[in-house]
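Visitor: Residue numbers (the numbering used here): 27 to 126. Using N, Cα and C, we set each Cβ at its ideal position, and we do this for glycine too. Bear in mind that the values here come from a model prediction, so they are computed numbers and not experimental data. Below is one structure. I have some questions about it.
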Amino acid sequence: TTRAQGDSILLTCSDTGQGIKKENIDKIFTAFGQEEEGKGGGLGLGLSICTKVTDLHGGKIWCESELGKGSQFHVLLPTKGGVQVDSDAVANASAKEEAA
Numbered sequence: 027t028t029r030a031q032g033d034s035i036l037l038t039c040s041d042t043g044q045g046i047k048k049e050n051i052d053k054i055f056t057a058f059g060q061e062e063e064g065k066g067g068g069l070g071l072g073l074s075i076c077t078k079v080t081d082l083h084g085g086k087i088w089c090e091s092e093l094g095k096g097s098q099f100h101v102l103l104p105t106k107g108g109v110q111v112d113s114d115a116v117a118n119a120s121a122k123e124e125a126a
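Pasting the structure below:
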């Protein structure tokens, strides 16, 4: 989902997977960091790249997870120069994404 939050945009991606152990959450944001080595099928680079891009834009990235229920990944990005975001435009774009 995507929504305006003050002078920022909050992007949230949720899944209903196995979840991530609390002690591994910081690890998955580092290069080559994975919850369980070899089980994900990837290299462990995706979230480290997202973290770098988010940092370069002055934003925040974090994960909330519960074992057996899934995870939510959040990215909070400031709008350029603190310009207020058109909440209706963001909501419409989010609705189009969900319908696709």
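CA-CA distance, L102 and K47?
Guide: Taking the straight line joining both Cα atoms gives about 23 Å.
Visitor: If you draw a straight line from the alpha carbon of C76 to that of K95, how long is it in whole angstroms?
Guide: Their backbone Cα atoms lie some 23 Å apart in a straight line.
Visitor: Report the residue from L37, G70, I51 and T27 whose alpha carbon sits nearest the alpha carbon of K86.
Guide: Out of L37, G70, I51 and T27, L37 has the C-alpha closest to the C-alpha of K86.
Visitor: For L73, does the count of other Cβ atoms within 10 angstroms reach 16, so buried, or fall short, so exposed?
Guide: L73 comes out buried.
Visitor: In whole angstroms, what separates the C-alpha of N50 from that of G70?
Guide: Their backbone Cα atoms lie some 13 Å apart in a straight line.
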